[in-house]
Ligand SMILES: [Zn+2]
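Numbering (my numbering), first residue to last: -15 to 313.
Printed below as a string of structure tokens:
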């Protein structure tokens, strides 16, 4: 048990090493929890106190100020709350990676509230049996030579607008109507522009004025497409690169809109997600991009180390990819 707990902590360290949130307090508290668990797995079962977490972060990661016990408690409690939100975003990806390694127990972060009277809060990492039995997420045959498995990072709540999407943009009730209202405004605007074009084009007196008129209509249409195009496309195609205004500042433009068709069992959902994989040729990070000219109308996974050669198909539903660039030798 001790061994599996410290192994789990090591796995999470590996999975989380490039998370941008590791620079924030909540990420540092996670790192402290993981390292303390690895260093003392026996004690980790009970959990670590505010003071132990604070000491580790201050001493080994980043200065956190010397404080009274009350302040330490407040600071760690606050950071833990943010870590809870971070964990909700990342949990799917962590669970998928654990399953892909054939691990049957899934990690959870856990807090036992002290409740006063000198009993302090305890923070720990726990392992629980995977909810859907012991099966691995992908059969080995599905991942034969050259194929790879994508993992989901979940939703980012960085900007207020994305909060609408934070637990999925449920297409039911008022949100369904809001969604269709936005689509409707887009369409009305589009039709109005076409009418304006039909009327206006005959009223331009010179060639220059006509060209100017046509180009301004084209720019407005293009801008509208950039703003809303993804929402039109995602319902049909199920997955699309999210529009720029939904991409978090820190991202590389690889966040996706995913339309999950759940009806009639449950309402349909639109989520913001990010998928990554490990390149099967070089071990680099594979991210999702538009297919461009060669893979027109598709999304593909490109490896950061060699984006033109290490290219993979992207099936968001099965979370698998096949190598697309053929190798002659
Ligand atoms: Zn690669």
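Virtual Cβ for every residue (Gly too), placed ideally from N, Cα, C. Given the structure is predicted, the values throughout are model-derived calculations rather than measurements.
Contact between residue 296 and residue 285 holds: their C-beta atoms lie close to 4 Å from each other, under 8 Å. According to DSSP, residue pairing for residue 283 in a beta bridge involves 274. Relative to the Cα of residue 43, the nearest Cα in the group -10, 19, 84, 251 belongs to 19. For residue 35, the enclosing alpha helix (DSSP H) stretches over residues 34 to 40.
Relative to ligand 1, residue 294 has its C-beta within less than 8 Å of a heavy atom.
Checking the 8 Å criterion, the Cβ of residue 265 is within range of a heavy atom belonging to ligand 1. If the five residues before and after residue 180 are omitted, its C-beta is found closer than 8 Å to the C-beta atoms of 201, all from its own chain and listed in chain order. By the neighbour-count definition (other C-beta atoms within 10 Å, threshold 16), residue 9 is a buried residue. Contact between the segment 287 to 305 and the segment 264 to 275 is present: 3 or more CB-CB pairs across the two stretches fall below 8 Å. Under DSSP, residue 171 takes part in no beta bridge, so it has no partner. In the three-state scheme derived from DSSP, where H, G and I count as helix and E and B as strand, residue 137 is classed as strand.
Going by DSSP, residue 109 is part of the beta strand (DSSP E) stretching over 106 to 113.
For residue 268, the CB falls within less than 8 Å of some heavy atom of ligand 1.
In this structure residue 164 is exposed. Its beta-carbon is surrounded by fewer than 16 other beta-carbon atoms within 10 angstroms. Going by beta carbons, residue 210 and residue 170 fall outside the 9 Å limit.
In the DSSP secondary-structure assignment, residue 95 is bridged to 107. In this structure, residue 289 has its CB closer than 8 Å to one or more heavy atoms of ligand 1.
Per DSSP, the unbroken beta strand (DSSP E) holding residue 239 starts and ends at 239 to 244. For residue 52, the three-state secondary structure derived from DSSP is coil. Residue range 295 to 297 is occupied by the beta strand (DSSP E) that includes residue 297.
In chain order, 194, 197 place their CB closer than 7 Å to the CB of residue 188, counting only its own chain and leaving out the 5 sequence neighbours on each side.
Taking 9 Å as the cut-off, the Cβ atoms of residue 37 and residue 16 count as close.
In the structure shown, residue 305 falls within a strand segment according to DSSP collapsed to helix, strand and coil. Residue environment: residue 46 is assigned as exposed (fewer than 16 neighbouring CB atoms within 10 Å of its CB, all protein chains considered). The Cβ atoms of residue 30 and residue 110 lie no closer than 9 Å to each other. In this structure, the beta-carbon distance from residue -1 to residue 81 falls below 9 Å.
At least 9 Å separates the beta-carbon of residue 205 from that of residue 168. Between the C-alpha atoms of residue 53 and residue 35 there is a straight-line separation of about 7 Å.
Cβ-Cβ distances below 7 Å link residue 246 to 252, 253 in the same chain, with the five nearest sequence neighbours on each side left out; the list follows chain order. Residue burial is scored here from C-beta neighbours: residue 280 has fewer than 16 other C-beta atoms within 10 angstroms and is therefore classed as exposed.
In the DSSP assignment, residue 189 falls outside any beta strand (DSSP E), carrying neither H nor E.
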